[in-house]
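In our numbering, the protein residues as written are 10 to 310. Only one structure is covered here, and it is reproduced in the block below.
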């Protein structure tokens with residue numbers, strides 16, 4: 010929690026009232042709301058207009074606020090920061106977008122029909138519901154979760170029928186984008202794990218996370234060496250995804266729901282392939298996933 014608190018402190022220092030309403034002219038105009046600016050691609054560079062990334066970013070901010078909130082009795086500074094971020098989320102981030110969209114109260118006030126964004130938005134609303142006690146957030150989280158449950162399919166062509174899902178959201182009438190690429194599926198999986206550990210809705214149903222886990226162990230991990238991964242979750246285009254990206258993704262955490270131990274065994278291989286000094290790892294996901302999973306499986310490598 011100490012590291013999360015340090016990051017929280019750094020993030021607060023970067024917040025300013027410096028919105029850009031017109032991305033073509035890029036004229037700064039204060040609107041009364043604190044925010045960060047998008048510093049990625051040319052189209053949105055230096056603005057706060059990228060709705061999808063605003064959603065993804067603030068799902069993470071909500072997770073940070075929630076972590077501080079549930080640990081508020083440990084340190085009064087954690088409690089102080091959790092209140093700061095909750096106020097920021099409700100009275101700056103949300104109000105900014107509600108004003109822009111002219112949606113003063115109703116839900117959703119933002120939406121994006123891509124699987125990883127959809128599930129991250131479930132997480133956002135769930136955490137806000139927990140911190141505020143407001144039923145509106147919980148109802149929205151449950152509504153989005155119901156759609157997500159209908160969106161997930163089982164693959165009948167693979168033993169055990171692992172989960173399969175589209176990158177898009179054809180379940181709500183938008184175009185299919187094919188099976189989700191791993192670079193985006195890692196955000197889908199990360200949110201699913203968080204929600205499962207909270208015991209929320211479909212993610213806590215018996216067998217649900219096991220099917221997600223089987224997608225990794227039986228379909229994605231087709232190369233036993235850990236040196237190559239497919240581009241998409243259906244196993245297609247092997248080798249396009251690297252072990253280096255696997256190592257900075259939350260896949261290993263799915264080992265908690267993999268009784269075969271295959272996820273942890275191959276994750277271990279990736280670990281030694283990607284860490285220059287295994288005694289002092291630079292990436293956290295595989296070590297964290299090992300601890301997270303070994304506690305349940307009692308496996309010895």
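Don't be surprised by glycine CBs; every beta carbon is placed ideally from N, CA and C.
What would DSSP say about residue i, mapped onto helix, strand or coil?
i, result
"residue 259", "helix"
"residue 121", "coil"
"residue 112", "coil"
"residue 142", "coil"
"residue 224", "helix"
"residue 58", "coil"
"residue 98", "helix"
"residue 177", "strand"
"residue 16", "helix"
"residue 200", "helix"
"residue 219", "helix"
"residue 171", "coil"
"residue 238", "strand"
"residue 47", "strand"
"residue 308", "With a pLDDT of 46 at residue 308, under the threshold of 50, the modelled position of this residue cannot be trusted, and the question is left open."
"residue 323", "Only positions 10 to 310 of the chain appear in the structure, and residue 323 is not among them; the question remains open."
"residue 250", "strand"
Using the rule of at least 16 other Cβ atoms within 10 Å of the residue's Cβ for burial, across every protein chain shown, is residue i buried or exposed?
i, result
"residue 281", "exposed"
"residue 252", "buried"
"residue 51", "exposed"
"residue 26", "exposed"
"residue 44", "buried"
"residue 100", "exposed"
"residue 164", "buried"
"residue 7", "Nothing about residue 7 can be reported from this structure: the residues present for the chain run from 10 to 310 only."
"residue 82", "exposed"
For residue i, which residues in the same chain have their Cβ closer than 6 Å to its Cβ, ignoring the five residues on either side in sequence?
i, result
"residue 223", "169, 171"
"residue 337", "As displayed, the chain neither begins before 10 nor continues past 310, which places residue 337 out of reach and without an answer."
"residue 10", "80"
"residue 183", "122, 177"
Who are the near neighbours of residue i in its chain, counting only those whose CB is closer than 7 Å to its CB and skipping five residues on each side?
i, result
"residue 138", "146, 147, 150"
"residue 41", "26"
Comparing C-alpha positions only, which one of the options sits nearest to residue i?
i, options, result
"residue 207", "256, 231, 268, 79", "79"
"residue 68", "84, 127, 54", "127"
"residue 65", "25, 87, 122", "122"
"residue 120", "140, 176, 101, 61", "61"
"residue 267", "199, 257, 302", "302"
"residue 131", "201, 174, 165", "201"
"residue 167", "198, 141, 227", "227"
"residue 198", "63, 15, 255", "255"
"residue 209", "136, 232, 58", "136"
"residue 24", "102, 15, 89", "102"
"residue 16", "49, 91, 53, 58", "91"
"residue 244", "236, 234, 235, 225", "225"
"residue 22", "140, 85, 55, 94", "94"
Keeping to the same chain, check which residues put their C-beta closer than 8 Å to that of residue i; ignore five residues upstream and five downstream.
i, result
"residue 333", "An answer regarding residue 333 cannot be provided, because it is not within the stretch 10 to 310 covered by the chain."
"residue 287", "280, 281"
"residue 290", "280, 284, 296"
"residue 162", "172, 173, 174"
"residue 13", "73, 76, 77"
Would you say the segment 179-196 touches the segment 239-253, given that touching needs at least three Cβ pairs under 8 Å?
A contact exists between the segment 179-196 and the segment 239-253.
Evaluate contact between the segment 244-251 and the segment 202-221, counting only Cβ atoms and requiring at least three cross-stretch pairs below 8 Å.
The segment 244-251 vs the segment 202-221: no contact.
Quick one: any contact between the segment 74-86 and the segment 109-116, if contact means 3 or more CB pairs under 8 Å?
Flag = no, the segment 74-86 and the segment 109-116 do not touch.
Under 8 Å, with one C-beta from each stretch per pair, do the segment 292-300 and the segment 258-274 reach the 3-pair mark?
Segments in contact, yes.
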